[in-house]
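Read in order, the letters of the sequence shown are residues 0 to 449 in numbering that gives the first Met the number 0.
Worksheet: the structure to be examined is printed underneath.
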Amino acid sequence: MTDLTQGSLFRHIWTMALPMMVGMFVQSLYLFVDLYFVADLGASAIAAVSAAGNLMLLIMALTQMLNVGCVALIARYTGAKQHQQADTVFQQAMLMGAALALLTLVLGFALSDSYMHLLTSDPEVQQQAQQFLYAYLPGLALMFVSTAIAAAMRAVGVVKPAMMVQLITVLLNIILAPVLIAGWGTGHALGVFGAGLASSIAVVVGVAMLWIYFLKSDHSVLQTPKQWRFDAKVWRQITAIGVPAGGEFALMFVFTAFVYWVIKDFGTATQAAFGIGNRILQAMMMPAMALSFALPAIVGQNYGAGHAERVRQCFKIGVSQMALVMLPLFLLCQWLAHPLMITFTDDLRVAAEGELFLHIISLNFITIVLVFSCSGVFQGLGNTWPSLASSAVRIFAFILPVLWLSSRSDFSPAMVWYGSAASVLVQGLMSFKLLRWQLRSKLAGNVALS
């Protein structure tokens, strides 16, 4: 490959990643604003919103299934100039989104109480978590519809409109958070219920804006469906590609739920520290996630067009650029963990526990680069089972040792955090080995990845 081609790929990846990165930066800002006002309600509120918010990972598992399947198929059909098939995939993705939204509402309201009793034994935390979920579930449900629209546009290279809508909705969320949570300007503070309500209102606005844009714009590739007919074959195709990637988020949901369960005997302060620390880490990982989300469409288009070497270059560029982004954030957590924690809590025990959490878990930033890069390429190749396999190995590498350690008299939260960091290292190494094998298999006849 010439330098010109490599440079072109580099620019293409960043052209798609930068709008996502801007949107995710604003999303990070929202996470911090929301956390700030929720933290002002006390440790119980932090623990409640964090534990209940873990359901977001389960929803992300299903939205990721829809997203990955939609992007991979539409990008592949677009690269092969099969536009009618791309339209059909978009139509079925919208139908799947509507069905999953309804399922989320039904199961969410029916089972949320039992779920919260499993994660915490504190009655106050349980009560506040229920209030938050009742307001948050409608927004979670509508995320399936917005995912279907945004994924279809991203698959054909239309990224900026979806990012602009995300930017607007997150800014709306930032405005609504102090108004609904703390009662700014109204005098009616809704507390944790307001936090959930702010998110739901923002999602409703975002879905409406995305759909209006899609109806009024001319994509030349994707067309608005004229008839909404169920196609079981396309659902199976989307599911076959998307389920493994969605399974990764489902495993993250299991992982986080297990952490809340295993640390619940340490008290509300430890759970609150985990909630704050986890929010901080989520915000910091968003730049790498933006780069990861840019990879599937580019890899898929080049794979569909038969450009094998460009697929390899996409992976190498992804690794190098994610490493460049994550190293400063790792150092930030090592050097400034205490200032970060006391920004969101004045509880000295919560701050101390959170500082320890950030010091240890930020070690993940080093290996998460491999995990995200491999995952993006797997999605573009249309085979996400290797990513799911490495995630499953990570779960077992974490849960089994921590269960054993929890029986010891000296069991501590630090043991949980070190176990998590070690398990991500295992996941990263396994993902890389599986990617080497996958590239040799799918790109036969070319020089293997070095």
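Cβ coordinates follow ideal geometry from the N, Cα and C atoms, glycine included.
Find out if the Cβ-Cβ distance for the pair Ala176, Val32 is shorter than 8 Å. yes
Give a yes or no on whether the C-beta atoms belonging to Phe371 and Ser291 are separated by under 8 Å. yes
Select from Gln426, Lys215, Ala47, Leu132 the residue whose C-alpha is nearest the C-alpha of Thr269. Ala47
Could you have a look at Lys80 and say whether DSSP puts it in helix, strand or coil? coil
Whole-angstrom Cβ separation of Met142 and Val202, contact assumed at under 8 Å? 6 Å
State the DSSP-derived secondary structure class of Leu40, mapped to helix, strand or coil. coil
Out of Ala307, Leu339, Met429, Phe257, which one is the CA nearest neighbour of Ile279? Leu339
Which of helix, strand or coil DSSP assigns to Asn172: helix
Can you give me the start and stop residues for the alpha helix (DSSP H) that Ala181 sits inside? It is not in any alpha helix (DSSP H) - Ala181 carries neither H nor E in the DSSP assignment.
For Ala197 and Leu179, believed in contact at Cβ under 8 Å, the rounded distance: 5 Å
In this structure, does DSSP put Val206 in helix, strand or coil? helix
So, are the CB atoms of Ala97 and Val144 less than 8 Å apart? yes
Would Ala38 be called buried (16 or more neighbouring beta carbons within 10 Å of its own) or exposed? buried
Selection from Arg228, Pro412, Ala134, Ile316 that minimises the alpha carbon distance to Gly353: Pro412
What do you get for Trp462, buried or exposed, if any count of 16 or more other CB atoms within 10 angstroms of its CB means buried? Outside the modelled stretch of the chain, which goes from 0 to 449, sits residue 462, for which no answer is possible.
Using only alpha-carbon positions, find the residue among Thr366, Gln300, Pro327, Arg311 that is nearest to Arg435. Arg311
Report the residue ranges of all alpha helix (DSSP H) runs contained in full by the segment 334-358; include only those spanning at least 4 residues, in chain order. none
Give me, in chain order, the residues of the same chain whose beta-carbon lies closer than 8 Å to that of Phe36; leave out the 5 immediate sequence neighbours on both sides. Ala176, Pro177, Ile180, Ala181, Ala194
Own chain partners of Ala396 with C-beta closer than 6 Å, once the 5 adjacent residues on each side are dropped: Ser422, Val425
For Pro400 and Gln437, believed in contact at Cβ under 8 Å, the rounded distance: Not quite, the Cβ-Cβ distance comes to about 28 Å (not below 8 Å), so this is no contact.
Have a look at Ile365 and Met325 and give me their C-alpha separation to the nearest angstrom. 7 Å
Suppose contacts are defined by Cβ-Cβ distances below 8 Å. Is Leu357 in contact with Ala420 by that definition? no
Where does Trp436 sit, in a helix, a strand or coil, going by DSSP? helix
Taking the runs of the alpha helix (DSSP H) that are 4 residues or longer, which of them lie wholly in the segment 300-340? none
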